[in-house]
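Down below is the structure, laid out as structure tokens.
Protein chains: 2
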Amino acid sequence: MAKELKNLTKRSESYSQWYNELVVKADMAEQSDVRGCMVIKPYGYAIWEKMQRTLDDMFKATGVQNAYFPLLIPKSFLSREAEHVEGFAKECAVVTHYRLKTNEEGNGVVVDPAAKLEEELIIRPTSETIIWNTYKNWIQSYRDLPILCNQWCNVMRWEMRTRLFLRTAEFLWQEGHTAHATKEEAEERAKQMLKVYAEFAEKYMAVPVMQGVKSETERFAGALDTYTIEALMQDGKALQSGTSHFLGQNFGKAFNVQFINQENKLEYAWATSWGVSTRLMGALIMTHSDDNGLVLPPALAPIQVVIVPIYKSKEQLGEIDAKVEGIVSKLRAMGVSVKYDNADNKRPGFKFADYELKGVPVRLVMGGRDLENNTVEVMRRDTLEKETRTCDGLEEYVKALLDEIQENIFAKAKAYRDAHIFECDDYEDFKARVKDGGFFLCHWDGTAETEAKIKEDTQATIRCVPFDCEQTPGVDMVSGKPAKYRVLIARSY
Amino acid sequence: MAKELKNLTKRSESYSQWYNELVVKADMAEQSDVRGCMVIKPYGYAIWEKMQRTLDDMFKATGVQNAYFPLLIPKSFLSREAEHVEGFAKECAVVTHYRLKTNEEGNGVVVDPAAKLEEELIIRPTSETIIWNTYKNWIQSYRDLPILCNQWCNVMRWEMRTRLFLRTAEFLWQEGHTAHATKEEAEERAKQMLKVYAEFAEKYMAVPVMQGVKSETERFAGALDTYTIEALMQDGKALQSGTSHFLGQNFGKAFNVQFINQENKLEYAWATSWGVSTRLMGALIMTHSDDNGLVLPPALAPIQVVIVPIYKSKEQLGEIDAKVEGIVSKLRAMGVSVKYDNADNKRPGFKFADYELKGVPVRLVMGGRDLENNTVEVMRRDTLEKETRTCDGLEEYVKALLDEIQENIFAKAKAYRDAHIFECDDYEDFKARVKDGGFFLCHWDGTAETEAKIKEDTQATIRCVPFDCEQTPGVDMVSGKPAKYRVLIARSY
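So the sequences go chain by chain: A and B.
Reading the first sequence from the start, the letters are residues 1 to 493 in this note's numbering.
Reading the second sequence from the start, the letters are residues 494 to 986 in this note's numbering.
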């Protein structure tokens, strides 16, 4: 294995260092010289594009349309919704001027004090305010509803401690913002989009997720209910991977968006918003990858199959090229994304290590003996198993293998996740075990006090009240008070 | 025709008012409450998405990959390239603080003076500086080259006078940034991307364009050569629709991007950049549309065919629904995007006007008599011609009609453009005629002085030295000095 590639820190040594190194070494992203802002490199961006394309199709299948709203938000808009401003106005990038001028020395530029804005503008941390200020003009009657808009864009939150993909000052995301004539319809839409996220995470990312509803403390600023999908990383920490909010009439009231309802009465519009971000890239990387590098689900891998020749002469390479050409075109015709890497400036060993690091699901190697025997070596990235197979029917085999890998990495992640869900009824026991990671299902009395105590004692938080989980009443493990249901508790990213 | 739709200002009354109204009435875009920033509405955004998808495929076919670079640029980066800072640092949004705090009255938020940035950050007006600062770390050897990156993103330039799509403070665009080992390769790439833009404009947008190279005065700030495509609007003004820049080693030197070349010597990398923006939406609208509203080329129309029923009873509507269902599914199977609008809360006349306004290329109307006769009324938006046709073979006919419309609107726009290209050798004659619009081909002595005089006298500018244009030497019409070639002069947006 090539030297510069293999010295990836092992997960067992330091999971967080392994992650930080892997993101950079696998050409996914890197820190820029702008504090907290990342550069998403072509290989990483290609995965994000596949995510976008898939999610976008899923959104549109539910009637959602894309639109675009301004990057900048007048400062006063943020103050309109009381909780929202608390949650978002604090750490944000503020535009105060609109011009630079040459400095006195003539060798640089300085802010022109004459070009001060009357009202400061905020780079959007999320767009509820600017969008509801726009919806005001779009909504008069129930006939104008529902409005189902989504935008793909960049947002900015001035985070103090950043990590590539997981927490960055600028990140890319989609934010859906819908307006409805009834409370029921809005609530249903918020739940529907959570299901879309869960389906995307499990089917395409091969990441098993718990669906549920957040506690009041953990809700989105301005929401009446926040639904969430929570994934479990290999270090036992939870990663909130997508959220969908039922916003009630809060933004309708804050921006005075009223409509004539079917009973001919004025009513405030009902709202939802929902988003997933480049954070999903972090979830994808951390769920499947191993000490050799990325493991990508075939459904989102930019290169699904790589083919590497091993040859002793230019002549032999020519023969391999000719043989591989047929395989490549057949695979492409089957919709498989394939790369034939016959570049002669890198040794096969370097290529093997590099494609392992980059998580290419299937590697085919063809050498001189393979040429003679009409065979090829097939390696699957998820298990690193190799086998030599005949070239007859190879394309169908590879296609089926990609499906198998997709299923296998999901099954593996799910087995890990399921083995790390613990019912726990004793607080001392909980405190001792929660630091080792995992999802803890514990009875909760529903108060913010016990929630705060758990967080203070253990850094763990209530991730959600899980759906699809048989619930029996019990006793809160902290307060000893009656509890209606169990909640999912974990330390988290 | 529905009353609220038909009172669109005629082009002959005021072309600019017609444009402003049309963009809003056709649900393309609207002004936001943030100065100079627009909201792109779902119908307009759907066209932009089609443009994006098509261009993106064309870029990728030339080996380009997408990536993402930070929104914010440190102020000092702009000063690195002397011309670049002159061109872009002046009117830009400046981030000076990263936090707001609750005001003393407790009813709003103010900028927290304690959260002042050490160095101000600029919202990118274009990304050469931040990208070349990144490339520095990606490029060591000629083996690392070429780098062919593109990003789809938002940018911001603090324009004083804004118009929807044509000139907005924030706009959406793509910016390609490539790095090469040789001057020749970079120059070739800059020209190649101009050809991609020209092909896209003509083949998909049905907008004929003149390709050429800018005069020194009109070059991109920091470029050695700027290539451009120039379109002619119906009011006789030119619209610069896309540019591609050969940047030489300017950014390589400014950001110290050196590589070991094939001769084992250190050399600065060669650069190009190239971009098109939501301004293309303006070109699309202004080139084809008429006093009834938008005329969209089928290749970019979100809805290519709309079907409207006319019925006397619910029962009859049911029969039409059943008949239309077969047509819809056949058209969809042929890849045609079709909408059946049987909503019962709007009259057919309103629907007709609305789809005309929105530029849907083909409208089918089915009424009771059509049902009896197995016919349908077909209207094409470009000529507004109607005919009644049998439903037998209708889908094939419609598919062919869409192709015909695409060709026809291009031919029409090209005929208009060609009829408004004037060779002119007399400056008095030029001054008298240029204000009425059109492309003027005039001999130019190559000096900035005559260029400035033309602009001062007439507001017209040299759009480019056109390619594919037989050039003969002559005499500059202003200075009387020898001129090697003719340039394209016009008033412009």
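Every residue gets a Cβ at the ideal spot worked out from N, C-alpha and C, and that includes glycine.
Does any C-beta atom of chain B lie closer than 8 Å to the C-beta of F350 (chain A)?
-> On the first sequence, residue 350 (chain A) is found 350 positions in, with the first residue counted as 1. No, F350 (chain A) lies away from the interface with chain B (no Cβ there is under 8 Å from its Cβ).
Can you tell which of B:S620, B:F923, B:F658 and B:T881 has the C-alpha that lies nearest to the C-alpha of Y538 (chain B)?
-> Indexing the second sequence from 1 puts residue 538 (chain B) at position 45. Nearest to Y538 (chain B) by C-alpha distance, out of B:S620, B:F923, B:F658 and B:T881, is B:F658.
Alpha-carbon to alpha-carbon, D847 (chain B) and K805 (chain B) = As a first step, residue 805 (chain B) must be located in the second sequence, where it is residue number 312. As a first step, residue 847 (chain B) must be located in the second sequence, where it is residue number 354. Going by the C-alpha atoms only, they are around 21 Å apart.
Show which residues of chain A have a CB atom less than 8 Å away from the CB atom of V527 (chain B).
-> The residue given as residue 527 (chain B) occupies position 34 in the second sequence. Under the 8 Å cutoff, chain A gives P70, L72, I73, P74, L121 and I130.
Residue from A:F255, A:Q151, A:L247 and A:M205 with nearest C-alpha to S241 (chain A) | For this step, residue 241 (chain A) is matched to residue 241 along the first sequence. Out of A:F255, A:Q151, A:L247 and A:M205, A:M205 has the C-alpha closest to the C-alpha of S241 (chain A).
CA-CA distance, A495 (chain B) and R840 (chain B)?
-> Here the question's residue 495 (chain B) lines up with position 2 in the second sequence. Here the question's residue 840 (chain B) lines up with position 347 in the second sequence. The predicted position of A495 (chain B) is uncertain, since its pLDDT is 47 and thus under 50; no value can be drawn from it.
Where the alpha helix (DSSP H) containing M51 (chain A) begins and where it ends | Here residue 51 (chain A) refers to the residue found at position 51 when the first sequence is read from its first residue. M51 (chain A): member of the alpha helix (DSSP H) spanning P42 to A61, first to last residue.
Chain A within 8 Å of M551 (chain B), Cβ atoms only = Numbered from its first residue, the second sequence carries residue 551 (chain B) at position 58. Closer than 8 Å: no.
Option nearest Q406 (chain A) by Cα separation, candidates A:M156, A:D344, A:Q304 and A:D321 | As a first step, residue 406 (chain A) must be located in the first sequence, where it is residue number 406. Here the closest residue by C-alpha is A:Q304.
How would you call E230 (chain A), buried or exposed, if buried means at least 16 neighbouring beta carbons within 10 angstroms?
-> Walking along the first sequence from the start, residue 230 (chain A) turns up at place 230. The residue is buried, with at least 16 neighbouring Cβ atoms inside 10 Å.
State the Cα-Cα distance for the pair W625 (chain B) and Y561 (chain B), rounded to the nearest angstrom.
-> Counting from one through the second sequence, the residue named residue 625 (chain B) turns up at place 132. Counting from one through the second sequence, the residue named residue 561 (chain B) turns up at place 68. Those two C-alpha atoms are separated by around 13 Å.
Below 7 Å CB to CB, which residues in the same chain sit around Y591 (chain B) once its five sequence neighbours on both sides are set aside?
-> Taking the second sequence and counting its residues from 1, one reaches residue 591 (chain B) at position 98. Short of 7 Å from the beta carbon of Y591 (chain B), and not among the five residues preceding or following it, lie these beta carbons of its own chain, in chain order: A608 and L610.
Report yes if the C-beta distance between M544 (chain B) and K534 (chain B) is below 8 Å; otherwise report no.
-> Taking the second sequence and counting its residues from 1, the one referred to as residue 544 (chain B) is at position 51. Taking the second sequence and counting its residues from 1, the one referred to as residue 534 (chain B) is at position 41. Not closer than 8 Å, so no.
Residues bridged to A483 (chain A) (per DSSP) = As a position in the first sequence, residue 483 (chain A) is number 483, starting the count at 1. BP columns for A483 (chain A) point to A:G474.
Specify, as a first and last residue, the run of the beta strand (DSSP E) that N835 (chain B) falls within.
-> The count along the second sequence starts at 1 and reaches residue 835 (chain B) at position 342. Taken as a continuous stretch (DSSP letters only), N835 (chain B) belongs to no beta strand (DSSP E), as it is neither H nor E.
Chain-ordered chain A contacts of Q558 (chain B) [CB-CB under 8 Å] | Within the second sequence, the letter at position 65 stands for residue 558 (chain B). Under the 8 Å cutoff, chain A gives P42, Y45 and A46.
Which same chain residues, not among the five before or five after K676 (chain B), have their C-beta less than 6 Å away from its C-beta?
-> For the purposes of this step, residue 676 (chain B) is taken as the residue at position 183 of the second sequence. Counting only Cβ-Cβ distances below 6 Å, and skipping sequence neighbours, we find W763.
Determine the chain A residues that contact E663 (chain B) at a beta-carbon separation under 8 Å, and present them in chain order.
-> As a working note, residue 663 (chain B) is residue 170 in the second sequence. Within 8 Å Cβ-Cβ: P70, L71 and L72.
Tell me, to the nearest whole angstrom, how far the beta carbon of E613 (chain B) is from that of V587 (chain B); I am working on the premise that it is less than 8 Å.
-> As a working note, residue 613 (chain B) is residue 120 in the second sequence. As a working note, residue 587 (chain B) is residue 94 in the second sequence. Their Cβ separation, rounded to whole angstroms, is 5 Å, which keeps E613 (chain B) and V587 (chain B) in contact under 8 Å.
So, are the CB atoms of T278 (chain A) and F350 (chain A) less than 8 Å apart?
-> Residue mapping note: residue 278 (chain A) aligns to position 278 of the first sequence, counting from 1. Residue mapping note: residue 350 (chain A) aligns to position 350 of the first sequence, counting from 1. Not in contact: T278 (chain A) and F350 (chain A) (Cβ atoms no closer than 8 Å).
Name the DSSP bridge partner or partners of T243 (chain A)?
-> Along the first sequence, one-based indexing puts residue 243 (chain A) at 243. Paired residues: A:T228 and A:G275.
Report the residue from A:G252, A:G106, A:I122 and A:A460 whose alpha carbon sits nearest the alpha carbon of A223 (chain A).
-> Along the first sequence, one-based indexing puts residue 223 (chain A) at 223. Out of A:G252, A:G106, A:I122 and A:A460, A:G252 has the C-alpha closest to the C-alpha of A223 (chain A).
When burial is assigned at 16 or more other CB atoms within 10 Å of the CB, is M970 (chain B) buried or exposed?
-> As a working note, residue 970 (chain B) is residue 477 in the second sequence. When all chains shown are included, M970 (chain B) counts as buried.
Close beta carbons around D784 (chain B), own chain, < 7 Å, minus the five adjacent residues each side = Within the second sequence, numbered from 1, the residue matching residue 784 (chain B) stands at position 291. In the same chain as D784 (chain B), and ignoring 5 residues on each side of it, the C-beta atoms closer than 7 Å to its own belong to L501, K503 and R504, in chain order.
So who's on the other strand from R99 (chain A), going by DSSP bridges?
-> For the purposes of this step, residue 99 (chain A) is identified with residue 99 of the first sequence, where counting begins at 1. Secondary-structure assignment with DSSP links R99 (chain A) through a beta bridge to B:E584.
Does any residue of chain B bring its CB to less than 8 Å from the CB of N20 (chain A)?
-> Taking the first sequence and counting its residues from 1, the one referred to as residue 20 (chain A) is at position 20. Not one chain B Cβ lies under 8 Å of N20 (chain A).
Verify the CB distance criterion: does A582 (chain B) have a CB-CB separation below 8 Å to chain A?
-> Along the second sequence, read from residue 1 onward, the residue named residue 582 (chain B) stands at position 89. It does; some Cβ of chain A falls within 8 Å.
Starting from K386 (chain A), trace the beta strand (DSSP E) both ways and give me its first and last residue.
-> As a first step, residue 386 (chain A) is located in the first sequence; it is residue number 386 there, counting from the start. Boundaries of the beta strand (DSSP E) harbouring K386 (chain A): K386 to T390, taken from the DSSP string.
Looking only at its own chain, which residues have a Cβ that is under 8 Å from the Cβ of C149 (chain A), when we skip the five neighbours before and after it?
-> Looking up residue 149 (chain A) in the first sequence gives position 149. Taken in chain order, the residues that qualify are V64, Q65, N66, A67, I131, G176, H177 and T178.
Bridge partner(s) assigned by DSSP for C957 (chain B) = As a working note, residue 957 (chain B) is residue 464 in the second sequence. Partner(s): B:L981.
At 4 residues or longer, and completely inside the region 827 to 876 of chain B: list those alpha helix (DSSP H) runs for me, N to C.
-> Qualifying alpha helix (DSSP H) stretches, in chain order: 841 to 850 and 861 to 866.
Are I139 (chain A) and F259 (chain A) closer than 8 Å when you measure CB to CB?
-> Position 139 of the first sequence holds residue 139 (chain A). Position 259 of the first sequence holds residue 259 (chain A). Contact flag set, yes.
Hey, quick one: how far does the alpha helix (DSSP H) through E621 (chain B) stretch, first residue to last?
-> Along the second sequence, one-based indexing puts residue 621 (chain B) at 128. Counting along the chain, the alpha helix (DSSP H) containing E621 (chain B) begins and ends at E621 to Y628.
In whole angstroms, what separates the C-alpha of F581 (chain B) from that of I947 (chain B)?
-> Looking up residue 581 (chain B) in the second sequence gives position 88. Looking up residue 947 (chain B) in the second sequence gives position 454. Spanning the two alpha carbons is a distance of roughly 25 Å.
Positions along the region 666 to 689 of chain B whose CB lies within less than 9 Å of some CB in chain A = So nothing in the stretch comes that close.
Could you name the residues that DSSP lists as bridge partners for R656 (chain B)?
-> Sequence index remark: in the second sequence, residue 656 (chain B) carries index 163 (1-based). Per DSSP, B:R660.
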